[in-house]
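Visitor:
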Amino acid sequence: RFGWPCVPEYGREYCERHGTDLTMDDLLAIAEGHAAATVAKAAEHPEVLILDTDPLMTAAWAQMLFGHVPDALLAYPKADLYLLFEPDVPWIEDGTRFFGGDPARARFAALAQDMLVRAGVAYLRIDGAWDAREAQVVAAIEAALAR
Numbered sequence: 053r054f055g056w057p058c059v060p061e062y063g064r065e066y067c068e069r070h071g072t073d074l075t076m077d078d079l080l081a082i083a084e085g086h087a088a089a090t091v092a093k094a095a096e097h098p099e100v101l102i103l104d105t106d107p108l109m110t111a112a113w114a115q116m117l118f119g120h121v122p123d124a125l126l127a128y129p130k131a132d133l134y135l136l137f138e139p140d141v142p143w144i145e146d147g148t149r150f151f152g153g154d155p156a157r158a159r160f161a162a163l164a165q166d167m168l169v170r171a172g173v174a175y176l177r178i179d180g181a182w183d184a185r186e187a188q189v190v191a192a193i194e195a196a197l198a199r
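Taking my numbering, I'd label the letters of the sequence shown as residues 53 to 199.
#1: Which of helix, strand or coil does DSSP assign to Val91?
#2: Taking the continuous alpha helix (DSSP H) assigned at Arg69, which residues delimit it?
#3: What are the start and end residues of each continuous alpha helix (DSSP H) run of 4 or more residues lying completely inside the region 106-173, in chain order?
#4: What residues in its chain sit with their C-beta under 8 Å from that of Pro57, if we drop five residues either side in the sequence?
#5: Quick check on Val189: does DSSP put it in helix, strand or coil?
#6: Could you compute how far the alpha carbon of Asp154 sits from the alpha carbon of Leu197?
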C-alpha cells in the first residue's frame with residue numbers, strides 16, 4: 053500500500069525448509085534469521101521498515117512451545133511499534149501454522165501481549181474483520197509517522 057520494504061516472516065521460510073518439529077535451537081536460528089534480514093533491509097535506510105514478525109515474537113513462541121524464554125531472544129533490538137492482532141478471524145491452515153484451535157490461539161495471543169509488556173515496547177491491539185483490521189493498521193502507521 054505505501055511502497056515500504058517489508059521483512060517477511062523468517063520462521064515460515066525456516067519451517068518450509070526444515071519442518072515444524074521445532075527445538076529451542078531452531079527458535080534461536082529463526083531469531084537470528086529475522087535479525088539478519090532486518091539488518092539487511094534497514095541498510096537501505098527506508099523511511100519505514102515493516103517487519104512481519106521479529107525475535108521478540110519468537111520469544112513468545114519459545115514460551116508457548118517450551119515454557120521458557122532464553123535471554124538471547126530478548127536481547128535483539130526492538131521495533132518502534134508493534135501491532136498485536138487478536139485471534140478473532142478464522143484460522144487458515146497453510147502447512148506451517150501451529151495451534152489452530154481457539155483456546156491455543158487465545159493463549160498465544162496472551163503470551164504475545166505478555167512478551168510486549170515484558171519488553172516495555174509500544175503496541176496497539178488490532179481486531180475485527182479484515183477490512184477493519186486494515187483500517188486500524190493504516191491509522192496506526194499514519195499516527196506513528198505523525199509523531
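Just so it is clear, CB atoms sit at the ideal spot from N, CA and C, and this is done for glycine as well.
Predicted model, so just to flag it, every value in this text is computed and none were measured.
Guide: The structure says:
#1: helix
#2: Tyr62 to His70
#3: 107-118, 123-126 and 154-171
#4: Lys93, Glu96, Pro98, Leu101 and Ile102
#5: helix
#6: 34 Å
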